[in-house]
Amino acid sequence: PYRYIGDDGGGDFQFSPDGSRLAFIRSVNDESQLFLLPTTGGEAIQLTEHETSISSYAWSEDGSKIIFLAPEPMSDEEEKAREAGYDAIFVDEGPNGQQSGNWNNLWIIEMESGVERRLTDNDHRIGSFSVAPSGDRILFTSRTENRRNQQNRSEIQLLEVATGTMLQLTDNSAPEGRLSWAPDGRSFAYTARTDGEWELLLDKIWVMDPDGGGRRIVSGAFDGNIGNFVWAPDASAILFSGLHGTNNNLYRINLGSNSVEQITSSVGSLAPSSFSRDRAKMAYVFQDFDTPADIWVGLTDGTDAVRLTDANPTITEEIVLGQGEVIRWESRDGTEIEGILMLPAEYQSGPLPLLLHIHGGPAGVFRNSFSAANHVWAGLGYAQLFPNVRGSSGYNDDLLRGNLYDIGSGDYEDLIAGVDELISRGIADPDKLGLRGWSYGGILGGWTITQTDRFKGASVGAMVSDWTSEYGPGFNHDVRLWYIGGTPWDNPDEWRERSALTHVANVTTPTLILHGINDRTDTEPQSMMFFQALKDQGKITRYIRFPREPHGFREPRHQRTRDVEEIRWIQKHVRNIEWTPWERPEKDEEKVVS
Numbered sequence: 002p003y004r005y006i007g008d009d010g011g012g013d014f015q016f017s018p019d020g021s022r023l024a025f026i027r028s029v030n031d032e033s034q035l036f037l038l039p040t041t042g043g044e045a046i047q048l049t050e051h052e053t054s055i056s057s058y059a060w061s062e063d064g065s066k067i068i069f070l071a072p073e074p075m076s077d078e079e080e081k082a083r084e085a086g087y088d089a090i091f092v093d094e095g096p097n098g099q100q101s102g103n104w105n106n107l108w109i110i111e112m113e114s115g116v117e118r119r120l121t122d123n124d125h126r127i128g129s130f131s132v133a134p135s136g137d138r139i140l141f142t143s144r145t146e147n148r149r150n151q152q153n154r155s156e157i158q159l160l161e162v163a164t165g166t167m168l169q170l171t172d173n174s175a176p177e178g179r180l181s182w183a184p185d186g187r188s189f190a191y192t193a194r195t196d197g198e199w200e201l202l203l204d205k206i207w208v209m210d211p212d213g214g215g216r217r218i219v220s221g222a223f224d225g226n227i228g229n230f231v232w233a234p235d236a237s238a239i240l241f242s243g244l245h246g247t248n249n250n251l252y253r254i255n256l257g258s259n260s261v262e263q264i265t266s267s268v269g270s271l272a273p274s275s276f277s278r279d280r281a282k283m284a285y286v287f288q289d290f291d292t293p294a295d296i297w298v299g300l301t302d303g304t305d306a307v308r309l310t311d312a313n314p315t316i317t318e319e320i321v322l323g324q325g326e327v328i329r330w331e332s333r334d335g336t337e338i339e340g341i342l343m344l345p346a347e348y349q350s351g352p353l354p355l356l357l358h359i360h361g362g363p364a365g366v367f368r369n370s371f372s373a374a375n376h377v378w379a380g381l382g383y384a385q386l387f388p389n390v391r392g393s394s395g396y397n398d399d400l401l402r403g404n405l406y407d408i409g410s411g412d413y414e415d416l417i418a419g420v421d422e423l424i425s426r427g428i429a430d431p432d433k434l435g436l437r438g439w440s441y442g443g444i445l446g447g448w449t450i451t452q453t454d455r456f457k458g459a460s461v462g463a464m465v466s467d468w469t470s471e472y473g474p475g476f477n478h479d480v481r482l483w484y485i486g487g488t489p490w491d492n493p494d495e496w497r498e499r500s501a502l503t504h505v506a507n508v509t510t511p512t513l514i515l516h517g518i519n520d521r522t523d524t525e526p527q528s529m530m531f532f533q534a535l536k537d538q539g540k541i542t543r544y545i546r547f548p549r550e551p552h553g554f555r556e557p558r559h560q561r562t563r564d565v566e567e568i569r570w571i572q573k574h575v576r577n578i579e580w581t582p583w584e585r586p587e588k589d590e591e592k593v594v595s
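Start counting the sequence shown at 2; every next residue gets the next number (the numbering used here).
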């Protein structure tokens, strides 16, 4: 490989239909603009000077135009008012949600003239969009308000480019997304859970006739998570990336029969990202427990595979990695649970300290993929369990709905049953148990230490300790609709009973708490409340707050601090080891991007 883009970088790269040009987005004066680069090489040319940042774009089929999405700018009056300090946020009014917002609209730019033209001029929030092969129609999803916990209120719209006429194609309570026209322009595919109410279900692929011919589910035979998808050139099939259990592979839907066929059979995560026009070849990323992610190309049946990159040679050549495998066990009520067990490289037999990992979501999933952090724990001598408890995605709707109105009950039992399974196998030392989790993993981790005293150390990140006080601030529509049900005023006992804060007096486990101060998914005061409650009772605890960080940390030094302090805490309280991290040489520390 060779360097194709200069130091200014870029993102969202898309080749023109004929492959002669590469479009991408680059920041110019804090605004994202479109650039073009000939694929034969040369300097990138700035294509747009749009007033606001371009968020997404797509080429027309003939390569003569690009359609893009951008937020509406503030008026001169609004700009002056904000500069004068009149920047109050009127929540859930106009384009505002909890934070100030903007409506966004679609634009088109002619490649030859560089002239931009507005396509929509409405007060709405547009999400996914797709341009018809003929270029004369555009599908998009939009909603007319920005309420954070009601993102399901979006519908599919059909825009006639020449006239600006819009036709609404759906009218339901279920969100649609990932719109994609068929190559013949006679139908389109999209993802949705249902065509009615917003339910706790896995996404399915649907096909709709935009001219009134109805819609149907075409992926119903597949149980798992659906990723990106593309049409076959003759519109007879759809290829999609699918996660089933812990493995990700390529699948084909035959539209004539609605049957689903698994094309590749990788044990790991094979994630297709790009296909040749005839769909005979694909570029994809592959990784598994002990193989870092690299880019591969090959035939779509998985044969003739060639690895194009070797991004992390040091890991495979110089570092001893842990051993990962998929295991299964029965929970207390007989439900079969699948998870991943990782052991140190040289493990032969005998009990080890066990670290229980809890994934986010609740509809997250542990998959057969590479994680450097997991191999660090393996190198420290821990057995690790990654359980896909009820509520996890990637399996089927029944498991996904397994903690419907029962959060913190069956999923907790699944965790404990997995720990007991490893103890019974002689792998886990019952006197050296630790746990860690982030987001819902932090929530269920916090709940777990209020229900049992078996864990000697715990790290809980981005937790919610009290559901009632998180009702307004957090991103928690799922709690109201599916996991607890009702509201704190019409179902107060359940909202209180299922909160870790209610049971905090039971905690005996030394607990490390981590949270980003700018987290708006699970808000930071939730961790402060839990910490304060533990401190007031004289429990062993430590709380580290991270300035500027959202739900997922962005700053490298904060990531290092989080990881180091988590290891330090677990080592001390699970194994009675005063652990000291390796210190980065000063010359290397200077290279870290802030």
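Ideal Cβ placement from N, Cα and C applies to all residues, glycine included.
- Query: Could one say the Cβ of I514 lies closer than 8 Å to chain D's Cβ atoms, at least one of them?
  - Reply: Among the chains of the structure shown, chain D does not appear; only one protein chain is present.
- Message: Here's the rule I'm using: 16 or more other beta-carbon atoms within 10 Å means buried, otherwise exposed. How should S595 be labelled?
- Response: Residue placement at S595 is poorly supported in this model, since its pLDDT is 49, which falls under 50; the coordinates still yield a value, given next. S595 is exposed by the Cβ-count criterion.
- Item | Y484 versus R333 - alpha carbon distance | 20 Å
- Could you tell me the distance, in whole angstroms, from the CA atom of T581 to the CA atom of E566? 10 Å
- Query: Between the Cα of T510 and the Cα atoms of T451, I518, E556 and R563, which residue gives the shortest distance?
  - Reply: T451
- Task: Find the nearest neighbour of E111 within the set Y413, F91, D8 and L35, judged by alpha-carbon distance.
- Result: L35
- Close Cβ partners of T1 (< 7 Å) along its chain, the five nearest in sequence each way excluded: No statement about residue 1 is possible, as the shown extent of the chain runs from 2 to 595 and does not include it.
- Query: According to the neighbour-count rule (16 or more other Cβ atoms, all chains shown, within 10 Å of its Cβ), is A190 buried or exposed?
  - Reply: Result: buried.
- Can you check whether the CB of G64 is closer than 8 Å to the CB of S17? yes
- According to DSSP, residues forming a beta bridge with V390: Answer by DSSP bridge pairing: none, since V390 is not bridged.
- Task: Indicate the three-state DSSP secondary structure (helix, strand or coil) for D399 in the structure shown.
- Result: DSSP places D399 in helix when its eight states are reduced to three.
- Query: By a C-beta neighbour count over all protein chains shown, 10 Å radius and 16 as the cutoff for buried, is N248 buried or exposed?
  - Reply: buried
- What did DSSP end up calling D412 once you bin it into helix, strand or coil? Correct three-state label for D412: helix.
- Nearest CA to the CA of A346: which residue from D235, V116, V377 and V298? V377
- Query: Just reading off the beta strand (DSSP E) that H245 is part of, what are its end residues?
  - Reply: First-last of the beta strand (DSSP E) with H245: A238 to H245.
- Which residues mark the beginning and the end of the beta strand (DSSP E) in which G215 is found? G215 to I218
- Item | CB contact flag (I338, V390, <8 Å) | yes
- Message: Can you give me the C-alpha to C-alpha distance between L1 and R138, rounded to a whole angstrom?
- Response: Limits of the chain in this structure are 2 at one end and 595 at the other, which puts residue 1 out of reach.
- Message: Tell me the rounded alpha-carbon separation between N255 and G7.
- Response: Approximately 43 Å between the Cα atoms of the pair.
- Query: Taking the alpha-carbon positions, what's the G462 to I239 distance?
  - Reply: 39 Å
- Grab me the residues of P109's own chain with a C-beta within less than 6 Å of its C-beta, minus the 5 sequence neighbours each way, in chain order. The question names Pro, yet the displayed sequence has Ile at residue 109. Counting only Cβ-Cβ distances below 6 Å, and skipping sequence neighbours, we find K66, I68, R118 and L120.
- Does the separation of the CB atoms of D520 and P548 fall below 8 Å? no
- Task: Below 8 Å CB to CB, which residues in the same chain sit around G374 once its five sequence neighbours on both sides are set aside?
- Result: In the sequence as presented, Gly is not what sits at residue 374; that position holds Ala. Hits under 8 Å: D564.
- Which residue comes first and which comes last in the beta strand (DSSP E) that contains M343? E337 to L344
- Query: Taking just the CA atoms, how far does T40 sit from G20?
  - Reply: Their Cα atoms are separated by approximately 7 Å.
- Reference M230, options S274, V268, R194 and R217, closest by Cα: Here residue 230 turns out to be Phe, not Met, going by the sequence shown. The shortest C-alpha separation from F230 is found at S274.
- Item | Check whether T301 and I264 have beta carbons under 8 Å apart | Yes, these two residues count as a Cβ contact at 8 Å.
- Message: Under DSSP, the alpha helix (DSSP H) around K667 begins and ends at which residues?
- Response: This structure gives no information on residue 667, because the portion of the chain shown stretches from 2 to 595.
- Query: For Y406, does the three-state DSSP call read helix, strand or coil?
  - Reply: coil
- Query: Got a sec, what are the start and stop residues for the beta strand (DSSP E) P354 sits in?
  - Reply: L353 to I359
- Message: Classify W293: buried if its beta carbon has 16 or more other beta carbons within 10 angstroms, exposed otherwise.
- Response: Checking the sequence, you will find Pro at residue 293 rather than Trp. The residue is buried, with at least 16 neighbouring Cβ atoms inside 10 Å.
- Message: If contacts are defined as beta-carbon pairs under 8 Å, then N105 and L140 qualify, I think. What distance do you get, rounded to the angstrom?
- Response: Not really, about 16 Å apart at Cβ, beyond 8 Å.
- Query: Nearest CA to the CA of T164: which residue from W207, D122, P176 and I127?
  - Reply: Ranked by Cα distance from T164, the first of W207, D122, P176 and I127 is D122.
- Message: For a test of the three-state rule: what should DSSP assign to S440, helix, strand or coil?
- Response: coil
- Hey, quick one: how far does the beta strand (DSSP E) through R154 stretch, first residue to last? Note, R154: premise wrong, no beta strand (DSSP E); not H, not E.
- Query: Relative to the alpha-carbon of D357, which residue among D279, D305 and A459 has its alpha-carbon at the smallest distance?
  - Reply: Here residue 357 turns out to be Leu, not Asp, going by the sequence shown. L357 has its Cα closest to that of A459, out of D279, D305 and A459.
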